[in-house]
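Here the structure comes first, spelled out in structure tokens, and everything after it is commentary.
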Amino acid sequence: MKRNRPSYVTDERLYHFIDEAIKEDIGDGDHSTLASVPVGLQQRARLLIKHDCILAGVDLALEIFHYYDKELEVEVLKNDGDKVKEGDIAFIVYGSARSILTMERLVLNCMQRMSGIATYTHEMVELLSDTKTRILDTRKTSPIFRMCEKWAVYIGGGKNHRYGLFDMIMLKDNHNDYAGGITNAVEATVKYLKEKGKDLKIEVETRNLKEVKEALATKAIDVIMLDNMSLSEMAAAVELINGTTETEASGGITKDTVRDVAMTGVDYISSGAIIYDAPNIDLSLKAF
1 MKRNRPSYVT
11 DERLYHFIDE
21 AIKEDIGDGD
31 HSTLASVPVG
41 LQQRARLLIK
51 HDCILAGVDL
61 ALEIFHYYDK
71 ELEVEVLKND
81 GDKVKEGDIA
91 FIVYGSARSI
101 LTMERLVLNC
111 MQRMSGIATY
121 THEMVELLSD
131 TKTRILDTRK
141 TSPIFRMCEK
151 WAVYIGGGKN
161 HRYGLFDMIM
171 LKDNHNDYAG
181 GITNAVEATV
191 KYLKEKGKDL
201 KIEVETRNLK
211 EVKEALATKA
221 IDVIMLDNMS
231 LSEMAAAVEL
241 INGTTETEAS
251 GGITKDTVRD
261 VAMTGVDYIS
271 SGAIIYDAPN
281 IDLSLKAF
């Protein structure tokens, strides 16, 4: 059952991730479990919440358990996106004691990380609840774990930006500098997309009002990023753009600064901090 799953969490990506994660952990066998736990022993364990948070990773946990052992049964008591408190039980898993023990750490690692990201994202989103500004994630993710980290942002109420390099054009400062300026970079991009028959949004990073004006003059951009600008310069840029394109603020934005940035009138605020600054949430899987 696909419970709270964005479109990029495809079966192909999901099962590839789970398969590689299991291989990494088990190697040639979970010898601690194989040595000590009798074959055929049936047991149960509960996922215990040890810190208030926005819960994330329940759907993934179900997939992990069932991928490894289709006979495992999971009674879900809390869902992805729920506000949970210390002492709550997220789910109870029943079945092979060996399977439960072997999957314990993989499930916990994923859920602890995802719940931390979902919680941090939710806090950022709540700070802007009375504004039009949306929180975006970035590509500042852990290699191989991007799907899960972006999924956690989605669960926490944030908006996912592009998934990777393939699903949107983003002309950053280095692209523009290498191309000889924003105008050259955009013109080359428009030509490339036409030749390749691709329909991708174009976003351009700008560092000052001069670059904002240059970006606007191309008349071929969907989003203008305002990168590391002062609040006053950002507000002036939003006024200059005047809804011609969408606007995105970027550059070291955290919970301490996000509301001031939103007050400039930007449509989006991208924050790598919702992923890389998020602490893991303490959870445990306990036999009972």
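Numbering-wise (full-length UniProt numbering), the sequence shown opens with residue 1 and increments by one. Cβ atoms here follow ideal geometry from the backbone N, Cα and C, with glycine treated the same way. Since the model is a prediction, treat every value here as computed from it, not as a measurement.
Legend entry - Where the beta strand (DSSP E) containing K172 begins and where it ends: Neither: K172 is in no beta strand (DSSP E) and is coded neither H nor E.
Legend entry - Selected residue, minimal CA-CA separation from F288, among T10, Q42, G164, S36: Looking at the Cα atoms, Q42 is the closest of the given residues.
Legend entry - Straight-line Cα distance separating C53 from K83: Taking the straight line joining both Cα atoms gives about 6 Å.
Legend entry - For M225, the residue or residues it bridges with in DSSP: The secondary-structure analysis by DSSP pairs M225 across a beta bridge with E205, E248.
Inset, instruction - Select from L55, A249, I89, V93 the residue whose C-alpha is nearest the C-alpha of L72. - result: Taking only the C-alpha atoms, the option nearest L72 is V93.
Inset, instruction - Please work out which residues of its chain come closer than 7 Å, Cβ to Cβ, to T47, disregarding the five sequence neighbours upstream and downstream, and give them in chain order. - result: A small correction: the amino acid at residue 47 is Leu; Thr does not occupy that position in the sequence shown. Within its own chain, the residues whose Cβ lies closer than 7 Å to the Cβ of L47, once the five positions on either side in sequence are excluded, are I89, A90, F91, L283, L285, listed in chain order.
Legend entry - Nearest neighbour of I252, chosen from T244, V261, E246 [CA to CA]: The identity of residue 252 in the sequence shown is Gly, whereas the question assumes Ile. Answer by Cα proximity: V261.
Inset, instruction - Go through its chain and collect everything with a Cβ distance to A118's Cβ below 6 Å, but skip five positions before and after it. - result: Residues of the same chain with a CB within less than 6 Å of the CB of A118, apart from the 5 flanking positions on each side, are I54, A56, A152, I155, G156 in chain order.
Legend entry - Between the CA atoms of R5 and L14 - distance to the nearest angstrom: Cα to Cα, the separation comes out at about 11 Å.
Legend entry - C-alpha gap between T10 and T102, whole angstroms: Annotation: T10 to T102 spans about 25 Å, alpha carbon to alpha carbon.
Legend entry - Helix, strand or coil at A45 [DSSP, three-state]: Note: A45 maps to strand in three-state DSSP.
Legend entry - Environment of V204 [buried if 16+ CB atoms lie within 10 Å]: Counting Cβ neighbours within 10 Å, V204 comes out buried, since at least 16 surround it.
Legend entry - K194 (DSSP reduced to helix, strand or coil): K194 carries a helical assignment under DSSP once its states are collapsed to helix, strand and coil.
Legend entry - Cβ neighbour criterion (16 or more within 10 Å) applied to T244: It is exposed - the Cβ of T244 has fewer than 16 other Cβ atoms within 10 Å.
Legend entry - DSSP state of R146 mapped onto helix, strand, coil: Helix at R146.
Inset, instruction - Jot down the residue ranges of each uninterrupted beta strand (DSSP E) in the region 30-92, minimum 3 residues, whole runs only, in chain order. - result: Runs found: 42-49, 73-76.
Legend entry - Backbone secondary structure at M1 - three-state DSSP: A caution first: M1 carries a pLDDT of 46, below 50, which makes its placement in the model too unreliable to give a value.
Legend entry - Three-pair Cβ contact test at 8 Å for the region 160-171 versus the region 190-204: The answer is yes - the region 190-204 touches the region 160-171, with three or more Cβ pairs under 8 Å.
Legend entry - Cβ separation of S270 and L165, assumed to be a contact under 8 Å, to the nearest whole Å: The pair is not a contact, with the Cβ atoms about 16 Å apart (cut-off 8 Å).
Legend entry - Separation of I26 from L240, as counted between CA atoms: In a straight line, the C-alpha of L240 is about 57 Å away from that of I26.
Inset, instruction - Hey, could you find the ends of the beta strand (DSSP E) A99 is sitting in? - result: First, the amino acid is wrong: residue 99 is Ser here, not Ala. Note, S99: premise wrong, no beta strand (DSSP E); alpha helix (DSSP H) at 97-127.
Legend entry - Nearest-angstrom Cβ-Cβ length linking L209 and A235, presumed shorter than 8 Å: Not a contact, Cβ separation roughly 11 Å.
Inset, instruction - Classify S270 as helix, strand or coil using the three-state DSSP reduction. - result: S270: strand per DSSP, three-state reduction.
Legend entry - From V238, E123, T218, residue whose alpha carbon lies closest to that of M225: Sorting V238, E123, T218 by C-alpha distance to the C-alpha of M225 places V238 at the top.
Inset, instruction - Determine, using beta carbons only, whether R98 and V37 come nearer to each other than 8 Å. - result: Yes, these two residues count as a Cβ contact at 8 Å.
Inset, instruction - Buried or exposed for L231, please, with buried defined as at least 16 other CB atoms from any protein chain shown within 10 angstroms of its CB. - result: For L231, the number of other beta carbons within 10 angstroms of its own is below 16, and it is reported as exposed.
Inset, instruction - Give the DSSP bridge partners of I135, in chain order. - result: The partner list for I135 (beta bridge, DSSP) reads I269.
Inset, instruction - Measure from the alpha carbon of I64 to the alpha carbon of each residue in A21, I144, Y178, then state which is nearest. - result: In this structure, A21 is the residue among A21, I144, Y178 with its C-alpha nearest to the C-alpha of I64.
Legend entry - Range of the contiguous alpha helix (DSSP H) that encloses G14: First, the amino acid is wrong: residue 14 is Leu here, not Gly. 11-26 is the extent of the alpha helix (DSSP H) around L14.
Legend entry - Environment of D80 [buried if 16+ CB atoms lie within 10 Å]: Its Cβ being crowded by 16 or more others within 10 Å, D80 is buried.
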